[in-house]
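In the numbering used here, the protein residues as written are 19 to 327.
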C-alpha cells in the first residue's frame with residue numbers, strides 16, 4: 019500500500035483572465051474571458067496527488083463563505099482527505115487573480131485571506147496527522163512561521179520533508195537550521211536564483227545555485243526548468259531529466275502538478291528517477307489544458323502516457 023502524504027498549504031479561488039498580451043504599467047487592456055477555478059499551491063498539489071492516486075490529507079484554511087465550501091468539495095472529489103481543513107470565521111477565502119496571455123504564460127496576484135490563519139496553533143491541534151504520515155509537503159503561501167514549525171516537527175518525527183519554495187522568499191528569510199531538515203527542495207529556476215542571490219538565468223547558475231543548497235544541508239534539489247525538464251542534484255550526482263515536448267496552452271499549476279505527482283510516486287515506492295519521470299509526464303499533460311486543478315490529469319491518463327514514454 020502507498021505511504022501516506024500530508025500537504026500543508028494554501029487554498030485559493032483563482033480568477034483566470036485570458037488576454038492577448040499582459041498589461042504594462044499604467045496600461046488598460048481588454049480581457050477575453052474570466053473563469054473561476056479552484057487553486058492555491060497547497061490545494062493544487064493535494065488535488066494532483068489525490069487525482070493521481072496518492073493517499074493524501076490536507077491541512078489549510080478557508081473562509082466562512084461559499085467559495086471556501088466549493089474549494090473543499092472540489093478537493094474532496096479528487097480523493098484527498100479534507101476533514102481537517104479549517105473554516106475561519108470572519109475571514110474571506112484566499113483569492114488569486116491570474117492573467118494568462120495568448121502564449122500560455124501567466125502572472126499571478128494572490129490575496130491570502132484565510133490562509134494567514136494557517137498558524138502554528140492549528141498545526142499543533144493536528145499533530146497526530148504529522149505523526150501518522152510518511153511525507154510532509156509544504157509551499158510558501160501560508161505564514162513562514164507555520165512552514166518552519168512544520169518542517170522542524172516533521173523532521174523531529176523522522177518524516178520525509180518536501181519544500182516547494184513558492185512564492186520564493188529572500189534567502190535570509192529561511193532560518194539556517196531549516197536547510198538540513200529538507201529532504202527534497204523543488205524550486206523552479208527563477209525561485210532558485212532568488213534564493214541563492216543570483217540574477218542571471220543560465221544553466222550554469224542553476225547548477226551553482228543547486229550546489230550551494232546542497233552545501234547548506236538540503237539532501238536533494240530538483241529544479242523545474244519548464245520545457246527543459248528538471249535539474250537534479252543530490253550532492254553526489256547531477257542529472258537533467260528531459261521534459262516531454264508539448265504545445266503549452268496554460269502553465270498555471272504546472273509546478274504544483276509536478277510536486278503532487280512526484281510525492282505520489284515516492285509514496286508508491288518509485289525511485290527518484292521514476293517519480294520525476296511520472297511527474298514530468300503529469301505536468302506535460304497539465305500545460306495542455308486551461309486552469310489550475312482543472313488541468314490535472316487522472317491516473318488513467320498518466321498510466322496510458324507512461325506506457326508510451
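Each residue gets a CB set at the ideal place from its N, CA and C atoms; glycine is no exception.
- Query: Taking the runs of the beta strand (DSSP E) that are 3 residues or longer, which of them lie wholly in the segment 123-206?
  - Reply: 124-129, 153-156 and 178-181
- Query: With burial defined as no fewer than 16 other Cβ atoms inside 10 Å of the residue's Cβ, what is the status of residue 163: buried or exposed?
  - Reply: exposed
- Would you report the Cα separation of residue 296 and residue 320, rounded to the nearest angstrom? 8 Å
- Same chain, Cβ closer than 7 Å to residue 134, neighbours up to 5 away in sequence not counted: 161
- Whole-angstrom Cβ separation of residue 156 and residue 27, contact assumed at under 8 Å? 6 Å
- Task: Take every Cβ of the segment 75-83, pair it with every Cβ of the segment 46-55, and state whether three or more of those distances are shorter than 8 Å.
- Result: no
- Nearest residue (CA-CA) to residue 127, options 282, 322 and 30: 30
- Query: When you compare each of 23, 107, 122 and 247 to residue 40 by their alpha carbons, which one comes out closest?
  - Reply: 122
- Message: Considering only their Cβ atoms, is the gap separating residue 181 from residue 24 smaller than 7 Å?
- Response: no
- Message: Given this structure, state the Cα-to-Cα distance separating residue 216 from residue 84, to the nearest angstrom.
- Response: 42 Å
- Task: State the DSSP-derived secondary structure class of residue 273, mapped to helix, strand or coil.
- Result: helix
- Whole runs of the beta strand (DSSP E) within the segment 218-271, excluding any shorter than 3 residues: 238-242, 248-251 and 256-259
- For residue 307, three-class secondary structure by DSSP: coil
- Message: Could you compute how far the alpha carbon of residue 338 sits from the alpha carbon of residue 260?
- Response: The structure shown has nothing for residue 338, since the chain only spans 19 to 327.
- So which of 100, 316 and 169 has the shortest CA-CA distance to residue 302? 316
- Query: Taking the continuous beta strand (DSSP E) assigned at residue 57, which residues delimit it?
  - Reply: 51-57
- Whole-angstrom C-beta distance between residue 89 and residue 61, which should lie under 8 Å: 6 Å
- Task: Can you give me the start and stop residues for the beta strand (DSSP E) that residue 114 sits inside?
- Result: 112-118
- Query: Which one of 244, 105 and 184 has the shortest CA to CA distance from residue 87?
  - Reply: 105
- Task: Buried or exposed for residue 59, please, with buried defined as at least 16 other CB atoms from any protein chain shown within 10 angstroms of its CB.
- Result: buried
- Query: Do residue 111 and residue 22 have their CB atoms nearer than 7 Å?
  - Reply: no
- Query: What does a CB cutoff of less than 7 Å around residue 199 pick up in its chain, not counting 5 residues either side in sequence?
  - Reply: 169, 170, 173 and 179
- Roughly how far, in whole angstroms, is the beta-carbon of residue 285 from the beta-carbon of residue 102, given that I think they are within contact range, below 8 Å? Not confirmed; about 19 Å, so no contact.
- Item | Among 239, 219, 74 and 191, the one whose alpha carbon lies nearest that of residue 205 | 239
- Three-state class that DSSP yields for residue 77 in the structure shown: strand
- Item | Candidates 74, 299 and 308: closest to residue 322 by CA position | 299
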